[in-house]
Amino acid sequence: MVIDTNVLVSAIRSSQGSSFTLLQKVGTGAFGIALSVSLVLEYEEATKRIDGALRPDFAVIDDIIDYLCLVGARASRTHYLWRPHLKDPKDDHVLELAVSSGAAFIVTYNKRDFAGAERFGIPLLGPYEYLQRLERIHG
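Residues in the sequence shown are numbered consecutively from 3, following the numbering used here.
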């Protein structure tokens with residue numbers, strides 16, 4: 003699975019939602035995550051941009067990202083020949099990662115941004131939907 007940046011940002015902003023629950027399950031063996039250099043850099047930039055009282059310490063963000071890198075699988079190949087494919091070209095690298103890693107899903111809050119992913123056989127699920135699917139499979 004590929005976790006879109008908006009899901010990670012949501013998990014860091016609040017411990018109350020499905021994004022946080024999903025993040026807690028990373029590395030437990032319930033599912034695997036795919037990562038690329040560009041996605042990790044985007045994770046770091048977006049999470050360190052969180053403003054206000056919800057902004058966590060940068061050291062905490064670094065620890066979370068380091069853990070994701072430790073347990074995640076790096077994509078070995080990315081093919082850029084078909085860019086741009088999505089409405090927002092900034093999201094193409096997430097779709098490319100999902101395709102190149104053989105990911106079963108992209109977990110995102112912005113399904114509209116990934117219109118066209120179905121051509122690659124990659125379903126889009128929100129964090130809550132993904133957790134429901136896990137519950138049905140694993141009980």
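Built from N, CA and C at the ideal position, the CB exists for glycine as well.
Within the same chain, show all residues whose beta-carbon is closer than 6 Å to that of aspartate 93, passing over the 5 residues directly before and after it, in chain order. Correct list, in chain order: Asp115.
Check whether the segment 96-105 and the segment 120-134 are in contact - that is, three or more C-beta pairs closer than 8 Å. Touching, yes, given that three or more Cβ pairs across the two stretches are closer than 8 Å.
Alpha carbon to alpha carbon, how far is aspartate 53 from isoleucine 14? Going by the C-alpha atoms only, they are around 12 Å apart.
Taking cysteine 71 as the reference, which of Ser38, Thr110, Ala61 has the closest Cα? Closest by alpha carbon: Ser38.
Member of Leu25, Phe33, Ala75, His95 whose CA lies at the smallest distance from the CA of isoleucine 66: Closest by C-alpha distance to isoleucine 66, out of Leu25, Phe33, Ala75, His95, is Leu25.
Excluding sequence positions up to five away, which residues of its chain have a Cβ less than 8 Å from the Cβ of glycine 128? The beta carbon of glycine 128 lies closer than 8 Å to those of Ser20, Val109, Thr110, Tyr111, Lys113 in the same chain, with the five residues before and after it left out.
Looking at the strands, I want to know which residues DSSP matches up with valine 4. Valine 4 pairs with Ile108.
Using DSSP bridges, identify the partner residues of arginine 76. Residue pairing by DSSP puts arginine 76 in a beta bridge opposite Leu37.
Can you have a look at threonine 30 and say buried or exposed, based on whether 16 or more other CB atoms are within 10 angstroms of its CB? Looking at its Cβ environment, which holds fewer than 16 other Cβ atoms inside 10 Å, threonine 30 is exposed.
Do valine 96 and aspartate 6 have their C-beta atoms closer together than 7 Å? It is a contact, given that the beta carbons lie within the stated cut-off.
Classify leucine 10 as helix, strand or coil using the three-state DSSP reduction. In the structure shown, leucine 10 adopts helical secondary structure according to DSSP, grouped into three states.
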